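With our numbering, you'll find the sequence shown wraps up at 356, consecutive numbering, no jumps.
Positions of the beta carbon are idealized from the N, C-alpha and C atoms, including for glycine.
Just so we're clear, the structure is a prediction, and the values are computed from it rather than from any experiment.
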Amino acid sequence: MFFSRSIFSNISDYWYGDIDENYYKNVKVLVSNYLYRYQKISYLPENTIRIKSGVLDYINNDLDKYTTYLDGAYYFGSQSNPYLCLFKFDDLNASSFNILHDTKLIYSSAFKNSNLSSIYIPENIVSIGESVFENCSNLKTVEFAANSPITTLEYSLFKNCNNLEYVKNINNILKIESRVFEGCTNLKEFVLPDNIESVGNSILYNGNKNLFTKFEKGYYLGTKTNPYLWLVDLEDKDISTLTINKDTKYLAPYSCAYTTKLKELIVPSNIEEIGHGAFYNSKALEKVTFEDGVKKIDDKAFMRSENLKQTKFTNTINTIGEAAFV
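Pasting the structure below:
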């Protein structure tokens, strides 16, 4: 078999070479789409904690060979635990499902297009992949265990769950990827966890606008104590001025991208981080001033803002990402 040598606990896209079974048994993270197009693994390492979307897609071509079937679900396991990863839910008419105690991972798109109305994610689940509940139009309630170890809501996790009302117990979540709640028009409440570290772009795209806090020309998401923590979107792209709330600390990825009339911007001292592509392709932008306090300008933050001629930096900035001003 051919696997990555890059990190002992990780199989990645970058390198590959001969490797023995003892190495593979210690791998925890499988992230290489390239490798598994050619080297199809027949079991998971016992301590797997994350599987990137696409890595196991070859299994769909031969479910009988690679999986164990039980009560409407296909599982891809380790040598000692055939139920380690819930690979695919097959009972599209079922309105409920109990996740096995032996299951630790839920693979990307596992419940996609199912008719579940509710589901409980127990504490034994350590990772849920991308788009797992996408297009589950009957899904109303998702509840995580109070002590769930899951720290990331992956890309498009609940996309187009247009009847989803509540997602409970997400206080341990540190990272919310892009488009997690896209099209969730009936979501009743959504407050960022207190310890949130990262918010992707368009997490509520085409969703319930009432979940945002509005200030001036911006839409914000926040915690219970600070509803303005993240600026995530603009009222429209034709704004000529932008006043950011004084309690805001982060500009989410692509939150202010594609503006057409904004010529001058002052990034106030309360802003700590300007997210990936935050002002991407803001073609009218000519002058940006960063006040003391700004710490990080992420990748592509001002990319393709081709008329930007004046930029006043501050000594508090310690990180400028790749292609931030290209």
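Counting along the chain, the unbroken alpha helix (DSSP H) around residue 94 starts and ends at 93-96.
For residue 77, the CB contacts under 6 Å within the same chain, skipping 5 residues up- and downstream, are 58 in chain order. Judged by DSSP secondary structure, residue 55 falls within the alpha helix (DSSP H) whose first and last residues are 51-55.
Residue pairing for residue 263: DSSP places it in a beta bridge opposite 249. In this structure, residue 188 and residue 163 form a Cβ contact; the two beta carbons are roughly 5 Å apart against a cut-off of 8 Å.
Distance from the CA atom of residue 226 to the CA atom of residue 276, rounded to whole angstroms, is 19 Å. Spatial neighbours of residue 176 in its own chain (CB-CB distance under 7 Å, excluding positions within 5 residues in sequence) are listed in chain order as 199. Within the stretch 297-354, no run of alpha helix (DSSP H) at least 4 residues long lies entirely inside it. Of all alpha-carbon atoms in 278, 139, 255 and 335, the one lying nearest the alpha-carbon of residue 262 is that of 278. Rounded to whole angstroms, the separation of the alpha carbons of residue 139 and residue 153 is 20 Å. Sequence-distant Cβ neighbours of residue 119 in its own chain, meaning closer than 7 Å and more than five residues away, are 102, 103, 127, 140, 141 and 144. When secondary structure is reduced to three states using DSSP, residue 89 falls in the helix class. Using a Cβ distance threshold of 8 Å, residue 99 and residue 107 do not count as a contacting pair.
Here residue 295 carries a strand assignment [DSSP, helix/strand/coil].
By a beta-carbon distance limit of 8 Å, residue 252 does not contact residue 241. Their separation comes to about 11 Å. For residue 198, DSSP records a beta bridge to 173. Setting aside the 5 residues that flank it on each side, residue 150 is surrounded in the same chain by 173, each with a C-beta closer than 6 Å to its C-beta; the list follows chain order. Assigned with DSSP and collapsed to three states, residue 234 falls in coil, not helix or strand.
Around the beta carbon of residue 270, a 10 Å sphere encloses fewer than 16 other beta carbons of the protein chains shown; the residue is thus reported as exposed. The beta-carbon separation of residue 181 and residue 203, rounded to 6 Å, stays under the 8 Å limit for a contact.
The C-alpha of residue 222 is placed about 12 Å away from the C-alpha of residue 197.
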